[in-house]
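What follows is a short report on a single structure.
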Amino acid sequence: MRIRPARRPELPLLQDIERAAGEPFRTIGMPAVADDEPPPLALLENYRRGERCWVAADEATDLPVGYLIADRVDGAAHIEQISVAPAAARRGVGRALIDHLTAWAEAQGLAALTLTTFADVPWNAPYYTRLGFRTLAEDELDDGLRGIRSQEAEHGLDRWPRVCMRRDLPTVASR
Numbered sequence: 058m059r060i061r062p063a064r065r066p067e068l069p070l071l072q073d074i075e076r077a078a079g080e081p082f083r084t085i086g087m088p089a090v091a092d093d094e095p096p097p098l099a100l101l102e103n104y105r106r107g108e109r110c111w112v113a114a115d116e117a118t119d120l121p122v123g124y125l126i127a128d129r130v131d132g133a134a135h136i137e138q139i140s141v142a143p144a145a146a147r148r149g150v151g152r153a154l155i156d157h158l159t160a161w162a163e164a165q166g167l168a169a170l171t172l173t174t175f176a177d178v179p180w181n182a183p184y185y186t187r188l189g190f191r192t193l194a195e196d197e198l199d200d201g202l203r204g205i206r207s208q209e210a211e212h213g214l215d216r217w218p219r220v221c222m223r224r225d226l227p228t229v230a231s232r
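Residue numbers for the sequence shown follow the numbering used here, beginning at 58 and rising by one.
The following block contains the structure:
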């Protein structure tokens, strides 16, 4: 697998990955998450054009098996979405995408990686904790993360416990 920028013709494949990655939520009593629509093509294209959309591509086929889109929020690289096709799960695809984002964020001089996720879903917060993220207390949230959480609540995601997480990056001065 190699990490590379997404290509425009691949964007529908990213939607397919998102749909497939959502299916396991159905098995844990979260069908609304499984049924949620993937990011629209126009939004994915904005991330692609902004050079903030990467795919993990299968080495044999060069087709995406996972993807990550990111924003800059509160001085951090914020993982807006990361999804891995179930057939490629448990092979380090998510970790490789996050490692790629880490290198990008460090090159941009950003202080951390952040994300929002479900607290109690095994492949969500517990997974990110294993990758070095920590859950932020409410008083640690800056305006950007508060805004994201508000949008998520409006979208109905607060039916299940959610958290904001952060992984600090080495500072520019310590490099």
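Ideal placement from N, C-alpha and C gives every residue a C-beta, glycine not left out. Keep in mind it's a predicted model, so treat the numbers as computed, not measured.
Where residue 94 falls, given that 16 or more other Cβ within 10 Å makes a residue buried: Flag for residue 94 reads exposed.
Whole-angstrom C-beta distance between residue 192 and residue 220, which should lie under 8 Å: 5 Å
For residue 141, the three-state DSSP class (helix, strand or coil): strand
Pairwise C-alpha distance: residue 155 and residue 61: 12 Å
Reduced DSSP category for residue 149 - H, G, I as helix; E, B as strand; rest coil: coil
Assigned secondary structure, residue 232 (DSSP; H/G/I helix, E/B strand, else coil): The predicted model places residue 232 with a pLDDT of 44, which falls under 50 and marks its position as unreliable; any figure quoted below should be read in that light. Coil.
Short Cβ contact (8 Å threshold) for residue 224 with residue 169: yes
Inter-stretch contact (C-beta, 8 Å, three-pair minimum) for the stretch 85-101 and the stretch 188-205: no
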